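Participant: Have a look at the structure that comes next, please.
In our numbering, the protein residues as written are 17 to 644.
Laid out in structure tokens, this is it:
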């Protein structure tokens, strides 16, 4: 997954070699029109074998080093001129682009990292601690080395990095909070494909462990539009494989720079031990009457976590966890835990051999839950089931429950639980950062999104493995199957990926005009034997009850008299084009229809949505890319 640094031995060059090299460099340096930064960056490195107790380094500027000082002198900090790019606005989950964009565009990675670091006040940044981790996808190791070099040059005092650069998104949030860091940089494109032809992403999390709010991401974007230079320590080379601390002396006014390589699996596992009753879970998974489970890590970052916690510690057989070796291209698969991309897991569950199944995405924050015979639990229902059984989890027995929350496109199943339990419910825009504000204010304990994200206030990110242990805790306490805990709210999402962005925006604008017309309220739509009457429609707007901020244009909603909904939203998590997400949901009261195909039960609403929007005609798509 992560290639080891090549091992070099150092053979001291002759004095004549350095005389020639220095003379050549000096003549180039003083030549008319010389671009000094380009000259420095073009110098070939001289591999050096590190002495015991020192750091491995590479000399990049031969005219400023001599054989007697190469191992002893502080590492040089350079300021390199650059030019800005106009397309570095972070989306809902950071900056995501195709790998070749980061590789082929000069300083593209460096610009965004510098913009991120510059968004932090120097007084807060100097001597501070930051966390760095990635999902192991292609370009992960290269990017981490650059981040380390730039963090050192920008005054960060300490970096905490997962061994081999690997750390799940939930673990990053956990470690940020554990070390009281000012923030963290996550290298992930989440559920997007990996590999040389895939996607790469960079996300900044703040001191609470959660995604940066809009004010911070906007600041990063504005800096990226005007950036003129970046600071870097190009000689600094890091050993990502060895646990422990590495210290570097720099040629600047800051204290020595320290990097701590940690076992992120153990840090995360220790947190879970304080949330769940591991003895109860061990009995469920390996006791006399244990259930059989099937967990698919999809060759993402969560594989080692699943093996350590579920198999080694809780006793589930080793073969119950599959695809647990992280790979740069996720084994050539799309690491998105849904019925389309986790079809192999669905098929294996249909045999009836397993009682419980789950899949995780590339960075470990999303999850899909399945029951026996492949019985699918939608993310909207999953969070509602956990809410209805929340005191099966010891953490909530001790902490209590402050509130529930869901994103706007997520179905109203959670609303029903909140109403029955008289617990406050919040409806937010899509994006986990909106939940973070509520958690920090002590208003929220459990939340979820329809995009396979579930979590609680134990960290400030959605947490795939936490959700699985929550479900297993419920099964262990209630002694019931997955199906027996299920409620009856049907929801489907239709994703039209990589459509033309201009056409998508035009469609949304024209659809908004239609549904905001006063005459639209009360309109009736009849399809087959069903008739739906419009109760209200809007472009969802969120007023944050904590800081008063307003988030507009979060999705078009059509809500009918019977509570059924149609929602249209443009997504910002892809690396190219636009993704139109169409949601339809409706509550089913007839218990005899629980096993019917949701596509059949919701077909009338889909027909209405497609007719209103003219989506197929406008986008030239006869069918969605993904249905979940």
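We put the CB at the ideal spot given by N, CA and C, even for glycine. The structure presented is a predicted model; accordingly, all values stated were derived computationally and were not measured.
Throw me the rounded Cβ distance for the residue 462 and residue 406 pair, which I believe falls under 8 Å.
Facilitator: Right, the Cβ-Cβ distance comes to about 6 Å (below 8 Å), so this counts as a contact.
Participant: So, does the segment 259-268 touch the segment 486-495, judging by three or more C-beta pairs under 8 Å?
Facilitator: Too few Cβ pairs lie closer than 8 Å, so no.
Participant: Which same chain residues end up closer than 7 Å to residue 258 when comparing Cβ atoms and leaving out the 5 residues on each side of it in sequence?
Facilitator: Cβ within range, chain order: 277.
Participant: Helix, strand or coil for residue 262, going by three-state DSSP, please let me know.
Facilitator: Strand.
Participant: Use the C-beta contact count for residue 168: other C-beta atoms within 10 angstroms, 16 or more gives buried, fewer gives exposed.
Facilitator: Its Cβ being crowded by 16 or more others within 10 Å, residue 168 is buried.
Participant: By the DSSP assignment, the alpha helix (DSSP H) with residue 190 in it spans what residues?
Facilitator: Per DSSP, residue 190 belongs to the alpha helix (DSSP H) from 185-195.
Participant: So what's residue 221 in DSSP terms, helix, strand or just coil?
Facilitator: Strand, per DSSP.
Participant: Assess, as a yes-or-no matter, whether the segment 208-216 is touched by the segment 330-348 under the definition of 3 or more beta carbon pairs within less than 8 Å.
Facilitator: With the cut-off at 8 Å, the segment 330-348 and the segment 208-216 touch.
Participant: For my contact list, residue 469 and residue 382 are in at a C-beta cut-off of 8 Å; report their separation, rounded to the angstrom.
Facilitator: The pair is a contact, with the Cβ atoms about 6 Å apart (cut-off 8 Å).
Participant: Judging by CA-CA distance, which residue of 630, 387 and 549 is the nearest neighbour of residue 596?
Facilitator: Considering only alpha carbons, the answer is 630.
Participant: Can you grab the Cα-Cα spacing for the pair residue 593 / residue 451, in whole Å?
Facilitator: When rounded, the distance between both Cα atoms is 27 Å.
Participant: Would you please state the rounded distance, in angstroms, between the beta carbons of residue 204 and residue 379? I believe it to be under 8 Å.
Facilitator: 4 Å between Cβ atoms; contact.
Participant: From the DSSP output, which residues share a beta bridge with residue 463?
Facilitator: In DSSP, residue 463 forms a bridge with 421 and 471.
Participant: Got a sec? Which residues, its chain only, sit under 6 Å from residue 567 by beta carbon, not counting five neighbours each side?
Facilitator: For residue 567, where only same-chain residues beyond five positions count, the Cβ hits under 6 Å are 445 and 558.
Participant: List the endpoints of the continuous beta strand (DSSP E) containing residue 603.
Facilitator: Looking at the DSSP string, the run of the beta strand (DSSP E) that includes residue 603 is 594-603.
Participant: Quick check on this structure: which residue in 163, 541 and 387 has the alpha carbon closest to the alpha carbon of residue 310?
Facilitator: The option with the nearest alpha carbon to residue 310 is 387.
Participant: Three or more C-beta pairs under 8 Å: does that hold for the segment 104-111 against the segment 232-247?
Facilitator: With a cut-off of 8 Å, the segment 232-247 and the segment 104-111 count as touching, because enough Cβ pairs lie within range.
Participant: Quick one: grab the DSSP three-state call for residue 177.
Facilitator: If DSSP states are grouped into helix, strand and coil, residue 177 belongs with the strands.
Participant: I'd like the span of the beta strand (DSSP E) that includes residue 310, first residue to last.
Facilitator: Looking at the DSSP string, the run of the beta strand (DSSP E) that includes residue 310 is 309-312.
Participant: In this structure, does DSSP put residue 251 in helix, strand or coil?
Facilitator: Coil at residue 251, not helix or strand.
Participant: Rounded to the nearest angstrom, how far is the Cβ of residue 573 from that of residue 554, given a contact under 8 Å?
Facilitator: Going by Cβ atoms, the distance from residue 573 to residue 554 rounds to 6 Å, so yes, they are a contact pair.
Participant: Which residues does DSSP pair with residue 274 in a beta bridge?
Facilitator: Answer is 174 and 263, bridged to residue 274.
Participant: Looking only at its chain, what residues have a beta carbon closer than 7 Å to the beta carbon of residue 129, apart from the 5 residues adjacent to it on each side?
Facilitator: Within the same chain, residue 129 has close Cβ partners 162, 163 and 166.
Participant: Does the beta carbon of residue 550 come closer than 9 Å to any beta carbon on chain C?
Facilitator: Included in the structure is just one protein chain, with no chain C present.
Participant: Should residue 335 go down as buried or exposed, given a rule of 16 or more other Cβ atoms within 10 Å for buried?
Facilitator: Classification of residue 335: exposed, given that the 10 Å Cβ count is below 16.
Participant: Pick helix, strand or coil for residue 498, following the three-state DSSP scheme.
Facilitator: In the structure shown, residue 498 sits in coil (DSSP, three-state: anything other than H, G, I, E or B).
Participant: Note down, in chain order, each residue of its chain lying with its Cβ closer than 6 Å to the Cβ of residue 389, except the 5 sequence neighbours on either side.
Facilitator: The residues are 366 and 368.
Participant: What residues in its chain sit with their C-beta under 7 Å from that of residue 48, if we drop five residues either side in the sequence?
Facilitator: No answer about residue 48 holds up, because its pLDDT of 47 lies below 50 and its placement is not dependable.
Participant: Using CA atoms only, rank isn't needed, just tell me which of 221, 417, 373 and 341 is closest to residue 332.
Facilitator: Cα-wise, what sits closest to residue 332 is 373.
Participant: What are the boundary residues of the alpha helix (DSSP H) that residue 627 is part of?
Facilitator: First-last of the alpha helix (DSSP H) with residue 627: 619-629.
Participant: What does the alpha-carbon distance come out to for the pair residue 580 and residue 551?
Facilitator: Spanning the two alpha carbons is a distance of roughly 10 Å.
Participant: How is the beta strand (DSSP E) around residue 541 delimited, first residue to last?
Facilitator: Its beta strand (DSSP E) spans residues 540-543.
Participant: For the alpha helix (DSSP H) that contains residue 375, what are its first and last residues?
Facilitator: Where residue 375 is concerned, there is no enclosing alpha helix (DSSP H), although the beta strand (DSSP E) it sits in stretches over 372-376.
Participant: Check the DSSP bridge columns for residue 386 and list the partner residues they point to.
Facilitator: Residue 386 pairs with 373 and 392.
Participant: When you compare each of 533, 194, 511 and 179 to residue 152 by their alpha carbons, which one comes out closest?
Facilitator: Of the listed residues, the one whose Cα sits closest to residue 152 is 179.
Participant: Please determine, among 449, 393, 271 and 455, the residue with the shortest C-alpha to C-alpha distance to residue 420.
Facilitator: For the residues 449, 393, 271 and 455, the minimum Cα distance to residue 420 belongs to 455.
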